[in-house]
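Here the structure is laid out as structure tokens; the discussion comes afterwards.
In my numbering, the protein residues as written are -3 to 446.
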């Protein structure tokens, strides 16, 4: 590139003698007139300033996104996707970038990944985005399946790329997450994840919490915060049928009083069934011993949380080698080195030798916490595989999630009314005094810049 620059300038400089160029500002933009003459123009400062203050401007035109650039809920353009049907299930997903959230939702949707030339309902992270450390999902995307499953894909939480997009040069947030209050980008990014978690836990029947690997518990900590701050958010089926616009504006004192009364009635709160999914596990991570340890860790971590539910979803092979069961009972691997080399720590080997025992599948091993694991997806010709394939385990996850017993809303509600009330729930979350007090506590802690 240096040699080309030297030859273009007419000096004939070689690549060794040409100094590197350091660009301190955007270069002038050449504009070609009708006579073929290039005229240098100054960059459009107004346009650049608009792009800097609008980090979510890369939303494609016609996107089925529920959130606007200003972090407001706009369901109007999605009403044609919902009906007056009252028999439906809402499934949302939350997690860090690149964990496989959209891939799991595409499987729940019924998308056939083997069909060539067909785009998935939810865009998955491309190699280019992964190389550039950019996230793929923005805001909240909604899709409805033929079986009347309403799927909500959210932008990643705990994401450096999201933080970089919303940060102004002075360190403040370009997105107002607390009704116009000016916050630092780091604090606003933290509150974004909390608001998304509280919203999904309030309007979904099932919330999938996807994490990459076995040892990252940052999403666990976030969900404990969500459980603590989810106060005064009523069941979406118990909200009256007032218009979304009138509700958001809060024009009448009567509606404000009704809202306060509903916020004080804790008995009307609704909580989604959480399913913790750990993805991209290596061979050792898929062993029954590590899976059992994961279930025990979840049970202890959420011992006093509202997220302890029926434990209906968990990865558990129907038959287990006797030696692997001893690993769990003895608190660690008990096989000889020869067996370790033969099985490589995996209880799902295809070997037919050894004793097998039946294991319980009622969720007792996880203490009532729904969880599942998915292996790292590898090519079929990558050599010896010591666990079930990614596709097989993904289908198992789909079957368990779609068939799990779910908690219903307090009253029957149609899809259209659910969408209208979801907008009101989002407005409640943004104006929640509990989250606002938590924000002030974080500000006063000194962990975030002012």
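The beta carbon of each residue, even a glycine, is placed where N, CA and C say it ideally should be. Remember, predicted model here, so these are calculated numbers, not experimental data.
- If you compare the alpha carbons of 374, 76 and 95 with that of residue 150, the shortest gap goes to 95.
- A direct Cα-Cα distance of roughly 42 angstroms separates residue 398 from residue 441.
- In this structure, the CA atom of residue 124 is about 10 angstroms from the CA atom of residue 132.
- A straight-line Cα-Cα distance of about 43 angstroms links residue 409 and residue 278.
- Runs of beta strand (DSSP E) with 3 or more residues, each lying fully within the segment 165 to 209, are found at 202 to 208, listed in chain order.
- Around the CB of residue 303, 16 or more other CB atoms lie within 10 Å, so the residue is classed as buried.
- Where residue 88 is concerned, the enclosing beta strand (DSSP E) starts and stops at 85 to 90.
- Three or more beta-carbon pairs separated by less than 8 angstroms are not found between the segment 406 to 421 and the segment 183 to 190, which leaves the two stretches without contact.
- In the structure shown, residue 118 adopts coil according to DSSP, grouped into three states.
- If you ignore the 5 residues before and after residue 274, its C-beta comes within less than 7 angstroms of the C-beta of 207, 209, 210, 290 and 369, all in its own chain and listed in chain order.
- Comparing alpha-carbon positions, the option among 121, 366 and 146 lying closest to residue 78 turns out to be 146.
- With fewer than 16 neighbouring CB atoms inside 10 Å of its own CB, residue 177 falls in the exposed class.
- Excluding sequence positions up to five before and after residue 136, its CB lies within less than 6 angstroms of the CB of 62, 63, 148 and 150, all in the same chain and listed in chain order.
- Counted as a single uninterrupted DSSP element, the stretch harbouring residue 143 is not any alpha helix (DSSP H), since DSSP gives it neither H nor E.
- Annotation: residue 370 is outside any alpha helix (DSSP H); the continuous beta strand (DSSP E) that includes it extends over 366 to 371.
- Selection 162, 390 and 411 evaluated against residue 143 yields 411 as nearest (Cα-Cα).
- Between residue 201 and residue 82, the C-beta gap is not smaller than 7 angstroms, which leaves the two residues out of contact.
- Beta-bridge pairing by DSSP links residue 61 to 137.
- Secondary structure of residue 429 (DSSP, three-state): helix.
- The beta carbon of residue 153 is closer than 8 angstroms to those of 90, 91, 92, 188, 189, 192, 193, 215 and 218 in its chain, skipping five residues each way along the sequence.
- DSSP places residue 97 inside the alpha helix (DSSP H), whose first and last residues are 97 to 105.
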